[in-house]
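Residue 7 in the numbering used here is what sits at position 21 of the sequence shown, and the numbering runs on without skipping anything. Even for Gly, the Cβ is constructed at its ideal location relative to N, Cα and C. The block underneath contains the structure these notes are about, expressed in structure tokens.
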Amino acid sequence: MDPIPLENSEQLQGLWRSDDGDELTLAPSRGGILVGLYRVADPTPGDQQAVTGHVRGGCLAFSTPLPQGPGVVGWSGTFRRDREGPRLDLDRIVVRSGGDPEVAVSETYRRVESGADQTGPLRLQETPPPSIPETKNA
């Protein structure tokens, strides 16, 4: 499965969630910049951070690194589509002390909600409230 080149930031709009529950919400802004919010699954103070990124050369690069411990210098993302739908593979780039940058971890995020998906915006289906059986007083 080859990456799908990103043509614009609208392709990444929406809520993305990793297998371990981390969430990344992205929205396009002016000039092809993406703005968003990154939240870890078990939040503690400081585990939620505003992020910015951009689409360049068909890939996603974050201008504000996602928080993930010491030594993390950046993240890059590759957009793909498989049987389960769109996915965003994020590579965490770490610098070891005195060493060259290396990709330390790769996480896959799946789209949860989108406003710019090929299927269009999510529509919530209203369900009627459950009926409550009448009781007779004796």
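Selected residue, minimal CA-CA separation from residue i, among the options
i          : options            : result
residue 99 : 10, 5 and 44       : 10
residue 93 : 64, 71 and 43      : 64
residue -7 : 96, 61 and 41      : 41
residue 47 : 77, 2 and 0        : 77
residue -1 : 20, 71 and 16      : 20
residue 61 : 69, -10, 74 and 67 : 74
Secondary structure of residue i, DSSP reduced to three states
i           : result
residue -1  : coil
residue 18  : helix
residue -10 : coil
residue 27  : coil
residue 7   : coil
residue 66  : strand
N-terminal and C-terminal residue of the beta strand (DSSP E) that residue i is part of
i          : result
residue 42 : 34 to 42
residue 47 : 45 to 48
Chain-order list of residues whose beta-carbon lies under 6 Å from that of residue i (same chain, five-residue window excluded)
i          : result
residue 4  : 93 and 95
residue 8  : 26 and 27
residue 34 : 25
residue 1  : 11, 98 and 99
Nonlocal neighbours in the same chain, by C-beta distance under 8 Å from residue i, ignoring five residues either side
i          : result
residue 22 : 10, 11, 12, 13, 36, 37, 38 and 39
residue 71 : 96 and 97
Own chain, CB closer than 7 Å to residue i, minus 5 neighbours either side, in chain order
i          : result
residue 44 : -9 and -8
residue 6  : 27
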